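Heads up: the sequence shown begins at 1453 in our numbering, then just goes up one per residue. From the three backbone atoms N, C-alpha and C, an ideal C-beta is built for every residue, glycine too. Note that this is a predicted model, so its numbers are computed, not measured.
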Amino acid sequence: MANEWGPLQGLIGEWESATEGLDTAYSHSRSKVLGSLYREKCSMKPFGPVDNGRQILYGLDYKSAMWRCDEENPFHTEVGNWLWDGATSEVMKGFVIPRGVTVLTGGVADATATEFTLLATKGDAEYNIGENKYLASNASNLSCQVTITLGDGSWTYDQVTMLQMIEFDEPFIHTDHNTLSRVV
1453 MANEWGPLQG
1463 LIGEWESATE
1473 GLDTAYSHSR
1483 SKVLGSLYRE
1493 KCSMKPFGPV
1503 DNGRQILYGL
1513 DYKSAMWRCD
1523 EENPFHTEVG
1533 NWLWDGATSE
1543 VMKGFVIPRG
1553 VTVLTGGVAD
1563 ATATEFTLLA
1573 TKGDAEYNIG
1583 ENKYLASNAS
1593 NLSCQVTITL
1603 GDGSWTYDQV
1613 TMLQMIEFDE
1623 PFIHTDHNTL
1633 SRVV
């Protein structure tokens, strides 16, 4: 019998990284694009089943925080859910960033997949990005794509966020990459 959490099974637990994450973003204080190393802590707790009419979902509640080098306060946090719909092989990640952004990414993966990609596009009918007025005018999130690769006691993500920023004529590519190791 297949695991109820499908490919999300490998994400259950408590995770940390050393200062090996790389955030490539525009720095407003320096007026240039910088690559910043960061460390991260992430917690993924299983729940389910969630009966939604004929749909049955299993998921993970998650919280994640990232710190640059020795900073005391995180520069980025997320809270949300990862979801698995075994009937449609759909993987979803819904999360909120406390800058006024909500995102629902999604994709299709085999239940035993060790790599899968999720995508959200602003205005998409299914996997969408919502943002506040300030961001819509100054740094609008056009798309978010993340590829997850599961390892033995670790997992890696590569994320590309396309932004329409007032500082650039063309969309800006913001990237994040990290490998987290299981601590519990």
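Its Cα nearest to that of Lys1545, the residue Gln1597 stands out among Asp1628, Gln1597 and Thr1471. Beta-bridge pairing by DSSP links Asn1504 to Gln1507. Inter-residue distance for Thr1557 and Lys1574 is about 11 Å (C-alpha atoms, whole angstroms). Taking every protein chain shown into account, the CB of Pro1459 has 16 or more other CB atoms within 10 angstroms, so this residue is buried. The way I'd put it, the segment 1557–1566 doesn't touch the segment 1583–1590; fewer than three beta-carbon pairs between them come closer than 8 Å. The criterion of a C-beta distance shorter than 8 Å is satisfied by Ser1541 and Ala1561. Between Tyr1586 and Gly1465, the alpha-carbon positions lie close to 35 Å from each other. Rounded to whole angstroms, the Cβ separation of Pro1623 and Leu1615 is 7 Å, and the two are in contact under 8 Å.
In the three-state DSSP reduction, Tyr1586 falls in the helix class (H, G or I).
If you draw a straight line from the Cα of Thr1471 to the Cα of Arg1491, it comes to about 4 Å. One alpha carbon belongs to Pro1526, the other to Ala1539, and they sit about 38 Å apart.
Restricted to the segment 1459–1487, the beta strand (DSSP E) segments that are unbroken, complete and at least 3 residues in length are 1465–1479, listed in chain order.
The three-state reading of DSSP puts Gly1538 in coil, since its state is none of H, G, I, E or B.
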